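Note that the protein sequences, when read in sequence, are chains A and B.
Here UniProt numbering is used: the first residue of the first sequence is 1, the next is one more, and so on.
Here UniProt numbering is used: the first residue of the second sequence is 1, the next is one more, and so on.
Virtual Cβ for every residue (Gly too), placed ideally from N, Cα, C.
Remember, it's a predicted structure, so these values are computed and weren't measured experimentally.
Working notes for the structure below.
2 protein chains.
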Amino acid sequence: MPPAQGAGVGFLAVDSGGSGLRVVVGEVGRPVSVPLASGESVRTGPRGIDAGHFMEQLVPMVRALADEAGCAEWGTAVIGATGLATLGDGLREELPGALAREFGVRTVALVADAVSAYVGALGIRPGAVVAAGTGLIAIGTDLTGWRRADGWGHLLGDCGGGAWIGRAGLEAALRAYDGRDGGSGPLLACAEEQFGPLPGLPGKLYPRPDRPAVLASFAPRVAQCAPDDPVAAGILRAAARHMAESAAAVCPTTGEPRVALTGGLFRMGDPLLVPVREELAKRLPHAQLVAAAGDPLDGAVRIARDLAAGVLTLPADGVMVHVVGVAGRGDHF
Amino acid sequence: MPPAQGAGVGFLAVDSGGSGLRVVVGEVGRPVSVPLASGESVRTGPRGIDAGHFMEQLVPMVRALADEAGCAEWGTAVIGATGLATLGDGLREELPGALAREFGVRTVALVADAVSAYVGALGIRPGAVVAAGTGLIAIGTDLTGWRRADGWGHLLGDCGGGAWIGRAGLEAALRAYDGRDGGSGPLLACAEEQFGPLPGLPGKLYPRPDRPAVLASFAPRVAQCAPDDPVAAGILRAAARHMAESAAAVCPTTGEPRVALTGGLFRMGDPLLVPVREELAKRLPHAQLVAAAGDPLDGAVRIARDLAAGVLTLPADGVMVHVVGVAGRGDHF
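Dropping the structure here:
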């Protein structure tokens, strides 16, 4: 079957993260489809993110969207994926071929989730984005290359992220419990409300596989206490300082870069946002803080549109942005 | 067989920790035996520390020591054990009976390893002891009760311990790698020497079950860099401040308490000891810093001697110090 008319500029855009795949399809010059979500995160195996499991989730979602769109050929696919840098070997090797066989895709871009978050927030402009949820990473570009800072995980960094804030809050609760300096009575009360008597807390945290998420679950309590508790406010101030340090490490030092914040952590609102704005203004006076325009899936869509239209100006470095051409069904090699 | 003469005042003393059991036997008024070590840590199961596995290790060691000592009846046993407060249910229920059946023991004291460390370091005197290895706990007494501070593990506290120092050192290395504030070039060089290229570090740390030990393995590098690197020196200064905070939370506020440091972390020497001495002098000017007289096994021996001689003045609270009388073979109930 020959490719349907216009299929050369049709595209798939995918965001693959901890809560599963989200997918849209579209064509250049037209609005994208509604997004579909799998709700199940892609398994990782010995070769990292499991390309087979990825395709198992993707294929039925794309078929459903294709029926809606009246189109079954997609020339371009952009996948923004968590863990791509460290766990992406399987995806990089297997996904382009699988997408070509299944959908006739001829150009595939695998981008780190930090890159799709960046483009979703700022578009294709120089600047820096701080992406914060349970973890924290900063990414920046001058449009000739990418820089990243932090994102090392809860034991080595992710300074200022959700697990970092929650951990600091629990430490302050336990300091109050012990009668050590630096304790917070309000955080102690919150910790007992959330976790029960504190001597039981280690037993509720250490055996769990999702320790960073358990720590991050306490972060909203820190924000809740901050207006009246100087210890909680100090934790958020320190988090804000760490975010500004990471943003400063990746932001272009010349020109008029933009800076944006993205990710679930910023739903905390003013107790975190006010100090973050102040620390960014101190640390990056030449940068303009703007609201994030969209999320990582919006970023994948933008990259896909530009790639499909042949106008992508995003720096590709093989790791953060990995673009490959493949022999699709429509090509007669 | 009736008890051998003098067996009523014979004792066993045991230190049970991460590297296994260490055991000595003795009699009041005489030097103790050489210590024997099992080299294998006692398993934990659904009921905490496994009393059966504990006895499996203990029995042959005590028999070997008894042959040397020419004595097979022990009226008193003192067990200092890591994790007793949280994982000691099985030991508390099964060990006294097992020791009575096997050795004719009539009085058993189960003491937290922090208590045996305290008594080993300071004897039975009011004061505070900071015990630091991979983790960190402070314990203090006015001889009417016990206070403890920290010891919450590497995600919730253990502030200033080996994992804490190593983690802070690796964070400083990664800050330098990223170009963030607070980085240390010398620590970056040490981290690359120890762990290879740093993008691989998360993969070498997070999948391991012994993450705190991996973090603590970097602590000696921080001490090594401290004389010439202000970032490394700052980490050890902060560790010293945390130790003084924990000591202050447990030390009697009146009288002339003594303070001692014990545990493997202090083998770091001056780069850590100099700031610790300064911070303790600031925080606890009424206390006298003394050298630890002995280790946790020495503490278990001291408690056993006093208990066997009927002169133990250590506060018993059922948790930190749990003393029980049992019906041994020598009693005809």
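Cβ of residue i within 7 Å of any chain B Cβ
i: Ser-246/A; result: yes
i: Pro-209/A; result: no
i: Gly-185/A; result: no
i: Gly-255/A; result: no
i: Ala-249/A; result: yes
i: Leu-99/A; result: no
i: Val-326/A; result: no
i: Leu-174/A; result: yes
Closest Cα partner of residue i within the set the options
i: Ser-19/A; options: Gly-269/A, Thr-134/A, Leu-95/A; result: Thr-134/A
i: Ser-41/B; options: Pro-31/B, Gly-52/B, Val-32/B, Ser-33/B; result: Gly-52/B
i: Leu-215/B; options: Leu-201/B, Cys-225/B, Pro-275/B; result: Leu-201/B
i: Gly-83/B; options: Glu-94/B, Met-243/B, Asp-270/B, Val-111/B; result: Val-111/B
i: Ala-260/B; options: Leu-289/B, Ala-233/B, Leu-36/B; result: Leu-289/B
i: Gly-234/A; options: Arg-208/A, Pro-212/A, Pro-271/A; result: Pro-271/A
i: Leu-273/A; options: Pro-199/A, Gly-183/A, Ala-132/A; result: Ala-132/A
i: Pro-230/A; options: Gly-17/A, Pro-220/A, Gly-269/A, Ala-172/A; result: Ala-172/A
i: Arg-47/A; options: Glu-93/A, Trp-74/A, Pro-31/A; result: Glu-93/A
i: Arg-101/B; options: Ala-291/B, Met-55/B, Asp-50/B, Asp-210/B; result: Met-55/B
i: Gln-224/A; options: Ile-49/A, Ala-191/A, His-242/A, Arg-211/A; result: Ala-191/A
Host beta strand (DSSP E) of residue i (start-end)
i: Trp-146/B; result: 146-150
i: Glu-94/B; result: It is not in any beta strand (DSSP E) - Glu-94/B instead sits in the alpha helix (DSSP H) that spans 89-103.
i: Asp-317/B; result: Segment: none, Asp-317/B is in no beta strand (DSSP E) and carries neither H nor E.
Rounded C-alpha distance that separates residue i from residue j
i: Leu-205/A; j: Gly-80/B; result: 25 Å
i: Ala-304/A; j: Val-14/A; result: 10 Å
i: Ala-300/B; j: Gly-127/B; result: 18 Å
i: Trp-164/A; j: Val-108/B; result: 43 Å
i: Val-129/B; j: Asp-295/B; result: 12 Å
i: Ala-69/B; j: Gly-123/B; result: 25 Å
i: Gly-10/B; j: Ala-309/B; result: 9 Å
i: Arg-283/A; j: Pro-227/A; result: 24 Å
i: Gly-104/A; j: Gly-145/A; result: 30 Å
i: Gly-264/B; j: Ala-240/B; result: 15 Å
i: Asp-150/A; j: Gly-97/B; result: 54 Å
i: Ile-139/B; j: Pro-285/B; result: 18 Å
i: Leu-91/A; j: Tyr-118/A; result: 21 Å
i: residue 352/A; j: Leu-170/A; result: Because chain A spans 1 through 333 in this model, residue 352/A falls outside it and cannot be assessed.
i: Gly-196/A; j: Ala-189/A; result: 10 Å
i: Glu-279/A; j: His-154/B; result: 29 Å
i: Trp-74/A; j: Leu-12/A; result: 7 Å
i: Asp-178/A; j: Asp-50/B; result: 29 Å
Residue span of the alpha helix (DSSP H) that contains residue i, given as start and end
i: Arg-175/A; result: 162-178
i: Gly-52/A; result: 51-69
i: Leu-187/A; result: 185-195
i: Arg-30/A; result: Careful: Arg-30/A lies outside any alpha helix (DSSP H) and carries neither H nor E.
i: Arg-258/B; result: From DSSP, Arg-258/B is part of no alpha helix (DSSP H) but of the beta strand (DSSP E) over 258-262.
i: Gly-140/B; result: No alpha helix (DSSP H) holds Gly-140/B; the beta strand (DSSP E) holding it covers 136-141.
i: Val-274/B; result: 270-283
i: Ala-240/A; result: 230-250
i: Ala-216/A; result: 211-216
i: Ala-226/A; result: Neither: Ala-226/A is in no alpha helix (DSSP H) and is coded neither H nor E.
i: Gly-203/A; result: 201-205
Min CB distance residue i to chain A below 7 Å
i: Leu-170/B; result: yes
i: Arg-329/B; result: Caution is warranted here: a pLDDT of 47 is assigned to Arg-329/B, below 50, making its placement in the model unreliable, and no coordinate value can be reported.
i: His-322/B; result: no
i: Gly-83/B; result: no
i: Pro-202/B; result: yes
i: Leu-122/B; result: no
i: Trp-146/B; result: no
i: Arg-180/B; result: yes
i: Leu-156/B; result: yes
i: Gly-153/B; result: yes
i: Ala-189/B; result: no
i: Ala-149/B; result: yes
Which residues DSSP lists as bridging residue i, in chain order
i: residue 379/A; result: With chain A covering only 1 through 333, there is no way to say anything about residue 379/A.
i: His-322/A; result: Leu-110/A
i: Thr-44/A; result: Ile-49/A
i: Val-301/A; result: The partner list for Val-301/A (beta bridge, DSSP) is empty, contrary to what the question assumes.
i: Ala-293/A; result: According to DSSP, Ala-293/A bridges with nothing at all.
i: Ala-128/A; result: Gly-140/A, Val-259/A
i: Leu-265/A; result: Its beta-bridge partners do not exist; DSSP assigns none.
i: Ala-37/A; result: Arg-22/A
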